[in-house]
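The opening residue of the sequence shown carries number 0 in numbering that gives the first Met the number 0; numbering runs sequentially from there.
Ideal Cβ placement from N, Cα and C applies to all residues, glycine included.
Only a predicted model underlies this, so the values are computations on that prediction, with no experimental measurement involved.
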Amino acid sequence: MGLRWGYNAAASTHASDGRPHRNTTNTGGMKYYSMSPHRMKGWYSMNHMDRYFDGYAVPDELKRTVTAICTRYAISGECDPMYIANTIAVASGFGDGRGRFEQGGAINPTKAAESVQGAYGCNIQRSETKELEKIISTGAIDKAKAMPGLKAFRRRTLQEMKTCDPWRVDYLKYLIGVIDHCALIITDNT
Numbered sequence: 000m001g002l003r004w005g006y007n008a009a010a011s012t013h014a015s016d017g018r019p020h021r022n023t024t025n026t027g028g029m030k031y032y033s034m035s036p037h038r039m040k041g042w043y044s045m046n047h048m049d050r051y052f053d054g055y056a057v058p059d060e061l062k063r064t065v066t067a068i069c070t071r072y073a074i075s076g077e078c079d080p081m082y083i084a085n086t087i088a089v090a091s092g093f094g095d096g097r098g099r100f101e102q103g104g105a106i107n108p109t110k111a112a113e114s115v116q117g118a119y120g121c122n123i124q125r126s127e128t129k130e131l132e133k134i135i136s137t138g139a140i141d142k143a144k145a146m147p148g149l150k151a152f153r154r155r156t157l158q159e160m161k162t163c164d165p166w167r168v169d170y171l172k173y174l175i176g177v178i179d180h181c182a183l184i185i186t187d188n189t
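Below, the structure is given as structure tokens:
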């Protein structure tokens, strides 16, 4: 389960007694639903990631690569795994960007890393492009590079919380939880 955004004019304001809705933040016509910590546990394992590829013939190697990318860079949206798979496949020349993949297509790590970094610049710093390229080429996370990167991402997020609009604070708190969860997974599995 990742972030879900949806317009609901009635629900995006306050309850009838004037109190804000529980577990939501008013974002001017958008309603943010946070992912509770008990639902995050195990989200990044291959068993759980497979559901994000349902209905598409995504090659297993690409699924493993996308799982590693989502874990390393704390990417947690419901549509992100499939979007990343499509981005890698288009950049590498074996996908159409709409969920169709040529089986046996080879991933081009350099082009794929540039495309994924461009799409996820908030999570993946330009200075991390070489690390991303290695993840794409091996499907594995290098703990020695990943942990300092996640710590820096966490620091940037905490810094942003000091100056951001109040409606964004809940999302950033959620993001800190995702970053911490990813760090635990990397520590336990590498």
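The C-alpha of residue 75 is placed about 7 Å away from the C-alpha of residue 69.
Secondary structure at residue 94: strand, using DSSP grouped into helix, strand and coil. For residue 112, the enclosing alpha helix (DSSP H) stretches over residues 108-118. Here residue 119 has 72 and 74 as same chain residues with Cβ atoms under 7 Å from its own Cβ, once five neighbours each way along the sequence are excluded. The residue from 100, 148 and 142 with its alpha-carbon nearest to that of residue 56 is 100. Pairing residue 86 with residue 115 gives a Cβ-Cβ distance under 8 Å.
Membership of residue 168 in the alpha helix (DSSP H) is indicated by the continuous run 165-188. For residue 185, the closest of 54, 143 and 108 by C-alpha to C-alpha distance is 143.
Within the model, the alpha-carbon separation for residue 152 versus residue 95 is close to 32 Å. When DSSP reads this structure, residue 100 sits in a beta bridge with 94.
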